[in-house]
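> Pasting a structure below so you can have a look.
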Amino acid sequence: MNPKATIQPLTRELFKEAVNLVLKAGLDTKEEIEHHLQHINAHYIALDKDRVIGVIGWYQDNVNYAAEAMGDKFPGEKAYWVGFFAVDDKYRGQGMGYALLKELEKVIKERGAKELWVSSVPETKDYYQRQGFKIFMQGKIGGNPKFFCVKKLT
692 MNPKATIQPL TRELFKEAVN LVLKAGLDTK EEIEHHLQHI NAHYIALDKD RVIGVIGWYQ
752 DNVNYAAEAM GDKFPGEKAY WVGFFAVDDK YRGQGMGYAL LKELEKVIKE RGAKELWVSS
812 VPETKDYYQR QGFKIFMQGK IGGNPKFFCV KKLT
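First residue of the sequence shown? That's 692 in my numbering, and the numbers climb one at a time after it.
Structure below.
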């Protein structure tokens, strides 16, 4: 990881910068990103000095976002899922994503989680597998292919 970078909880002061980073990554619309990042206590950022260079968050699927695609294999509303996860292009390959994911795992483990889920697009499936996630099943959300992956937290 970049030795100058630090990881901390998302703050209101850095909210707009975090939204812009996730928007730049093309993960969703600005309105959706703002809606999800409003849950500040569920998001963490990587900072290089005072600049947001990474964002990660978690959520519990109480609206059954993945339930239709997963059917009876849906892990339930109490399962923890990786939410928005983005690292600035200039900082990729430096361990920033790894550090953000480890922080997220630590936090949800403290909340009692035994596993972490992600609905990955095909382009990021290999990354998650390198981080210890196992493909649980394939499906579609909104017509888009997804790999539903799970990682046991030890």
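Note that CB positions come from ideal geometry on N, CA and C, so glycine has one too. Note that the coordinates shown come from a computational prediction; the quantities given were computed from them, not determined experimentally.
Alpha carbon to alpha carbon, how far is E806 from K797? Give it in angstroms, no decimals.
As a working mapping, residue 797 is identified with position 106 in the sequence shown. As a working mapping, residue 806 is identified with position 115 in the sequence shown. If you take the alpha carbons of K797 and E806, they lie about 11 Å apart.
> How far does the alpha helix (DSSP H) with N835 in it reach, from first residue to last?
Here residue 835 corresponds to residue number 144 of the sequence shown, with the count starting at 1. Not the alpha helix (DSSP H): N835 falls in the beta strand (DSSP E), residues N835 to K843.
> Taking the beta strand (DSSP E) that F776 falls in, what are its first and last residues?
Reading the sequence shown from its first residue, position 85 is the one you call residue 776. Y771 to V778 is the span of the beta strand (DSSP E), which, as asked, contains F776.
> Quick check on the burial criterion: 16 or more other C-beta atoms within 10 angstroms. Buried or exposed for D763?
Taking the first residue of the sequence shown as position 1, residue 763 is located at position 72. Its Cβ having fewer than 16 others within 10 Å, D763 is exposed.
> In the DSSP output, which residue or residues are listed as bridge partners for P700?
As a working note, residue 700 is residue 9 in the sequence shown. P700 is bridged to Y735.
> If you drop the 5 nearest sequence neighbours on each side, which residues of the same chain put their C-beta closer than 8 Å to that of I826?
As a working mapping, residue 826 is identified with position 135 in the sequence shown. The answer, listed in chain order, is K816, Q820, F838, F839 and C840.
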